[in-house]
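> In the numbering used here, the protein residues as written are 558 to 862. Cβ coordinates follow ideal geometry from the N, Cα and C atoms, glycine included. None of the values given here were measured: they were computed from a predicted structure. First the structure, then my questions, so here it is.
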Amino acid sequence: MKKSMKLVVAFGAAILFAVNFTGVAQASYSIDYTYAFNANQGSSQRASHSFVILHEAGLEAPGRNIAANMKNNYTPYTAYSTFVVGDGGHVYQVGAPGYVAYAAGDANGYSPVQIELQRTYDKATFAKNYATYIELARDYAKKYGIPTTLDAGGAGTPGIKSHLWITQNIWGDHVDPYGYLASMGVSKAKLANDLANGTTSVGGGNTTAPTTPTKPTAPSNTNVPAGFTPENGTFVNGDTEIMNRVGTPSTSAQQGGYLPPNGEWVYDSWAKVGNYTWIHHVYNGQHIYLPVREWPSGSAWGTFK
558 MKKSMKLVVA
568 FGAAILFAVN
578 FTGVAQASYS
588 IDYTYAFNAN
598 QGSSQRASHS
608 FVILHEAGLE
618 APGRNIAANM
628 KNNYTPYTAY
638 STFVVGDGGH
648 VYQVGAPGYV
658 AYAAGDANGY
668 SPVQIELQRT
678 YDKATFAKNY
688 ATYIELARDY
698 AKKYGIPTTL
708 DAGGAGTPGI
718 KSHLWITQNI
728 WGDHVDPYGY
738 LASMGVSKAK
748 LANDLANGTT
758 SVGGGNTTAP
768 TTPTKPTAPS
778 NTNVPAGFTP
788 ENGTFVNGDT
798 EIMNRVGTPS
808 TSAQQGGYLP
818 PNGEWVYDSW
828 AKVGNYTWIH
838 HVYNGQHIYL
848 PVREWPSGSA
858 WGTFK
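And the structure:
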C-alpha cells in the first residue's frame, strides 16, 4: 500500500454567499466556494432526492484542510462530500448540491447532499460547527423535499441518514458520526431531536459537552494486542497523509481516519504484520492501527519521538 493522497492546503480569498432558499428562513451561515469543484471535477449524475447523509471526518484537522484535500486530490471516484462543516461553523462546498457525491458507496445516487463534519476537541469550535451542521442538513432536506427524521425505516425510507445507517441498510462499513458526537456530549437521541426541531445548542438539555478533550491519552501497555511489542512513543508523520485501520492491522480492515502531514500519533506498541510495520493505540475503546513503513524496502514514513 502506498500512502494515499497528499494533503495540499490551498489558501485564497474565500467567496462567501448567504443561503436563502425559497420558503426557508435566511441561514446564519454562508457558503465558502474556495474549494468547490470546477466543471471538470465531480460527478455529472443527478442524485435522487431520498437522503441527506451525515458524515464525520474521522481525523482531527481543520475543515478547510479537509475540503482542500477533496478538491486538490480529486480523481474520478475518489471520496468527496458535498459540503464540509468546520472551523467554527464555516461551510465549504466541494461537490455540487443535487449531484452524486462519492462518500457513501451504493447510497450515493440517492443523496443530493452529503455533509462532512470536522473533528475538533475544542468545545467552542464544536458548538459552532454542530449548530451549522444541523441547520445545513435541515435547509437542504427542505430544499429537496426530504423528511428531517434521522435514520428512520429501511433502505426505501427517505430522510436524514447517518453513515452508520447507510452501512446497516445499504452498503459499507463506516459507523460515523455517532462515536465522535458522543465524545462531545451529543447522543443519537439529541441529534434526532435537533434535526427534527431545529434546535442547535450543545449545552443543557439531555447532553453536556465534555469538560476535557477526548483525545488518545498516554498509552497503557495493558492494551497491547497479541504479537505487538510494547513501546510508548509518538510517531510524527512526513509529508503525506496515512490512513489508519480499525480492529486489525490490515489494509483490508475497516477504514479509520487519516493522519495528516506532520501530524502526531501516540502509540503503545508496534509489530511487523504482512508487508508493513504497524503502530497501535486504543481510542474510544477500539484498537486502532497505523502503517508506518512498507517492507522489504523503504524507510519509515516519518520520525519517532
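Over the uninterrupted alpha helix (DSSP H) stretch that includes E692, give me the two end residues.
Here residue 692 corresponds to residue number 135 of the sequence shown, with the count starting at 1. From DSSP, the alpha helix (DSSP H) with E692 extends over 680-700.
> Considering A624, what are the terminal residues of the alpha helix (DSSP H) in which it resides?
Counting from one through the sequence shown, the residue named residue 624 turns up at place 67. Counting along the chain, the alpha helix (DSSP H) containing A624 begins and ends at 620-629.
> What ranges does the beta strand (DSSP E) occupy inside the stretch 797-834, keeping only unbroken runs of at least 3 residues that lie completely in it?
Listed in chain order, the complete beta strand (DSSP E) runs (minimum 3 residues) inside the stretch 797-834 are 799-803, 811-816, 821-830.
> Going along the chain, which residues of its own chain have a beta-carbon closer than 6 angstroms to the beta-carbon of P806, five neighbours each way excluded?
As a first step, residue 806 must be located in the sequence shown, where it is residue number 249. Cβ neighbours of P806 beyond the five flanking positions: V830, W835, Y846.
> Does the stretch 602-621 come within contact of the stretch 674-685, defined as at least 3 CB pairs closer than 8 angstroms?
Contact between the stretch 602-621 and the stretch 674-685 is present, because at least three Cβ pairs lie under 8 angstroms.
> Using the beta-carbon count (16 or more within 10 Å), is P633 buried or exposed?
Translated into positions along the sequence shown, residue 633 becomes position 76. So P633 counts as exposed.
> Which residue or residues does DSSP assign as beta-bridge partners of I703?
If you number the sequence shown from 1, residue 703 lands on position 146. Looking at the DSSP assignment, I703 forms no beta bridge with any residue, so it has no partner.
> Do the CB positions of D730 and Q843 come within less than 8 angstroms of each other?
The sequence position of residue 730 within the sequence shown is 173, counting from 1. The sequence position of residue 843 within the sequence shown is 286, counting from 1. No, they are not a contact pair.
> Specify the secondary structure class of Y667 as computed by DSSP and reduced to three states.
In the sequence shown, counting from the first residue as 1, residue 667 sits at position 110. Helix at Y667.
> Return yes when at least one heavy atom of the ligand SAH lies under 7 angstroms from the C-beta of R695, else no.
Questions concerning the ligand SAH fall outside what the structure shown contains, since it holds no ligand whatsoever.
> Where G646 and E692 are concerned, what is the direct C-alpha to C-alpha distance, given to the nearest angstrom?
Residue 646 sits at position 89 when you count from the first residue of the sequence shown. Residue 692 sits at position 135 when you count from the first residue of the sequence shown. Distance between the alpha carbons of G646 and E692: 10 angstroms.
> Classify R695: buried if its beta carbon has 16 or more other beta carbons within 10 angstroms, exposed otherwise.
Mapped onto the sequence shown, residue 695 falls at position 138. It counts as buried.
> Looking only at its chain, what residues have a beta carbon closer than 6 angstroms to the beta carbon of Q598, apart from the 5 residues adjacent to it on each side?
For the purposes of this step, residue 598 is identified with residue 41 of the sequence shown, where counting begins at 1. The answer, listed in chain order, is Y631.
> Would V651 and I588 qualify as a contact pair, given that the criterion is a beta-carbon distance under 8 angstroms?
Numbered from its first residue, the sequence shown carries residue 651 at position 94. Numbered from its first residue, the sequence shown carries residue 588 at position 31. Not in contact: V651 and I588 (Cβ atoms no closer than 8 angstroms).
> So for S740, helix, strand or coil by DSSP?
Walking along the sequence shown from the start, residue 740 turns up at place 183. S740: helix per DSSP, three-state reduction.
> Measuring straight from C-alpha to C-alpha, what distance separates E821 and G702?
Stepping through the sequence shown from its first residue, residue 821 is reached at position 264. Stepping through the sequence shown from its first residue, residue 702 is reached at position 145. Using only the alpha carbons, I get a separation of about 43 angstroms.
> Just to confirm, is the Cβ distance from V759 to Y687 under 8 angstroms?
The sequence position of residue 759 within the sequence shown is 202, counting from 1. The sequence position of residue 687 within the sequence shown is 130, counting from 1. Their beta carbons are under 8 angstroms apart, which means V759 touches Y687 by this criterion.
> Less than 8 angstroms separating the beta-carbons of Y735 and L721?
Translated into the one-based positions of the sequence shown, residue 735 becomes position 178. Translated into the one-based positions of the sequence shown, residue 721 becomes position 164. A contact, by the Cβ cut-off of 8 angstroms.
> Give the straight-line distance between the Cα atoms of K685 and Y824, rounded to the nearest whole angstrom.
Translated into positions along the sequence shown, residue 685 becomes position 128. Translated into positions along the sequence shown, residue 824 becomes position 267. So the two alpha carbons sit approximately 31 angstroms from each other.
> Do the CB positions of A664 and L707 come within less than 8 angstroms of each other?
Taking the first residue of the sequence shown as position 1, residue 664 is located at position 107. Taking the first residue of the sequence shown as position 1, residue 707 is located at position 150. Against a cut-off of 8 angstroms, the Cβ pair of L707 and A664 comes out as no contact.
> Any idea what DSSP makes of T774, helix, strand or coil?
Position 217 of the sequence shown, counting from 1, holds the residue named residue 774. Residue confidence for T774 is low, a pLDDT of 45 falling below 50, so the modelled location carries little weight and cannot support an answer.
> Please look up how many angstroms separate the CB atoms of T786 and S826, rounded, as I've assumed it's under 8 angstroms.
Taking the sequence shown and counting its residues from 1, one reaches residue 786 at position 229. Taking the sequence shown and counting its residues from 1, one reaches residue 826 at position 269. Indeed they touch by this definition, with Cβ atoms about 6 angstroms apart.
> Determine the closest residue to G795 out of N819, N789, N801, with distance taken between C-alpha atoms.
Walking along the sequence shown from the start, residue 795 turns up at place 238. The residue with the shortest Cα to Cα distance from G795 is N819.
> Measuring CA to CA, which of S601, A624, F608 is closest to T870?
Lying outside 558 to 862, the shown extent of the chain, residue 870 is not represented and no answer is given.
> Decide if Q602 is buried, meaning its Cβ has at least 16 other Cβ atoms within 10 Å, or exposed.
Numbered from its first residue, the sequence shown carries residue 602 at position 45. When all chains shown are included, Q602 counts as exposed.
> With C-beta atoms as the reference, is H838 less than 8 angstroms away from P782?
Along the sequence shown, one-based indexing puts residue 838 at 281. Along the sequence shown, one-based indexing puts residue 782 at 225. It is not a contact, given that the beta carbons lie outside the stated cut-off.
> Judging by CA-CA distance, which residue of G666, I799, L816 is the nearest neighbour of I723?
Numbered from its first residue, the sequence shown carries residue 723 at position 166. Looking at the Cα atoms, G666 is the closest of the given residues.
> In terms of residue numbering, what span does the alpha helix (DSSP H) encompassing D751 cover?
Along the sequence shown, one-based indexing puts residue 751 at 194. From DSSP, the alpha helix (DSSP H) with D751 extends over 745-754.
> Round the Cβ separation of H606 and D733 to the nearest angstrom and send it over; I've been treating them as touching at under 8 angstroms.
As a first step, residue 606 is located in the sequence shown; it is residue number 49 there, counting from the start. As a first step, residue 733 is located in the sequence shown; it is residue number 176 there, counting from the start. The Cβ separation is near 23 angstroms, so there is no contact.
> Taking I610 and A660 to be in contact with their CB atoms under 8 angstroms, please state how far apart those CB atoms are, rounded to whole angstroms.
As a working note, residue 610 is residue 53 in the sequence shown. As a working note, residue 660 is residue 103 in the sequence shown. Yes, I610 and A660 are in contact; Cβ-Cβ is about 7 angstroms, under 8 angstroms.
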